[in-house]
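Per the numbering used here, the sequence shown starts with residue 101, numbered consecutively. Every residue, glycine too, gets a C-beta built ideally from N, C-alpha and C.
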Amino acid sequence: MTGAGRIRIGIAPGHRVEVARLYWQAFGTKLGPIMGPEAQAVDYLARVMREDQVLTATSPKGDLLGMAGFRTSTGAFPLGRWAEMRAVYGIPGALWRAGVMRLLQQDLNPSRFLVDGIAVADTMRGRGIGTALLDALCAEASGRGYVEVGLDVADVNPRARALYERRGFVARDTVRMGLVGPIFGMASVTRMVRRLV
């Protein structure tokens, strides 16, 4: 990461909505049909983000530069409950959204550390922040005793896949999205893994 920025676990005071907005900017195209419109999606994400399941990168002045969510046996970065979904979308909206979101969820596995999304502010792309966040995720996983880090990369995101490969991730398998693929704007995801030991 260029500059003297800082990466830490958690979200700095006052950055909660900004982190939710940044996550939405990165993944809204995929999640929009389910979680949109944007204002509701950002509200929902801000309510359900787990501060113990996210790394944030800030500038020396404290500006948010990027974020990286993760999933472990203790939880996931965006892990909502029915109450939050109902509060934001109402009962009818929450019912169908919860059903579709269940199709995407992966079980919390005690042996796996999974990346739940990396997002970098538009004005800061190309400055090594995504790479620094990815390396920090691997260090966090190693510090918690995990031997590998896993992530899914969409077929429509070759730049992200190239970054992951440069940082030591290898493709394990490809999963076809089937009928939900058009909803999320992708035909498949590649599961990638980086061994830490």
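Looking at the structure shown, is residue i part of a helix, part of a strand, or coil, going by DSSP?
i, result
"P178", "strand"
"R197", "helix"
"F213", "strand"
"R202", "helix"
"I109", "strand"
"L155", "strand"
"A43", "Summary: the structure shown does not reach residue 43, with the chain confined to residues 101 through 297, and so no result is reported for it."
"R259", "helix"
"V293", "strand"
Using a 10 Å radius around the Cβ and a threshold of 16 neighbouring Cβ atoms, would you call residue i buried or exposed?
i, result
"I111", "buried"
"L279", "exposed"
"R225", "exposed"
"I218", "buried"
"V142", "buried"
"L155", "buried"
"A150", "Sequence check: residue 150 is Arg here, not Ala. R150 comes out buried."
"V297", "exposed"
"R244", "exposed"
"I191", "exposed"
"A262", "exposed"
Could you tell me the boundaries of the alpha helix (DSSP H) in which residue i lies?
i, result
"T223", "Neither: T223 is in no alpha helix (DSSP H) and is coded neither H nor E."
"S242", "I229 to G243"
"I283", "G281 to F284"
"V142", "E138 to V148"
"G166", "Per DSSP, G166 belongs to no alpha helix (DSSP H); it is in the beta strand (DSSP E), L164 to T172."
Quick one: measure Cβ to Cβ for residue i and residue j, integer angstroms, because I've assumed they're closer than 8 Å.
i, j, result
"F177", "R186", "So it is not a contact: roughly 21 Å between Cβ atoms."
"V215", "A168", "7 Å"
"G250", "R276", "Their Cβ separation, rounded to whole angstroms, is 18 Å, which puts G250 and R276 out of contact at 8 Å."
"T231", "R267", "7 Å"
"S288", "D235", "S288 to D235, Cβ: 26 Å. No contact."
"Q140", "V188", "5 Å"
"V293", "F269", "6 Å"
"I229", "G166", "5 Å"
Which residue from the options puts its Cα closest to that of residue i?
i, options, result
"P113", "R291, T158, V188 and G199", "T158"
"R295", "M286, P282, R272 and M277", "R272"
"Q153", "G180, V275 and G285", "G180"
"V220", "H115, D255, R108 and V119", "V119"
"A146", "P282, Y123, T231 and D235", "Y123"
"I107", "T129, G175, M149 and L237", "L237"
"L195", "V270, R259, G128 and I134", "I134"
"G175", "A183, V148 and L165", "V148"
"M201", "H115, F284, I109 and R291", "F284"
"D252", "T274, E240 and L233", "T274"
"K161", "T129, H115, A241 and G105", "G105"
"A260", "F127, I109, E184 and H115", "F127"
"Y144", "S173, I109, E184 and L131", "E184"
"M286", "G199, I109 and T129", "T129"
Within the continuous beta strand (DSSP E) that includes residue i, where are the two ends?
i, result
"V275", "V270 to R276"
"E248", "E248 to A254"
"V119", "It is not in any beta strand (DSSP E) - V119 instead sits in the alpha helix (DSSP H) that spans R116 to M135."
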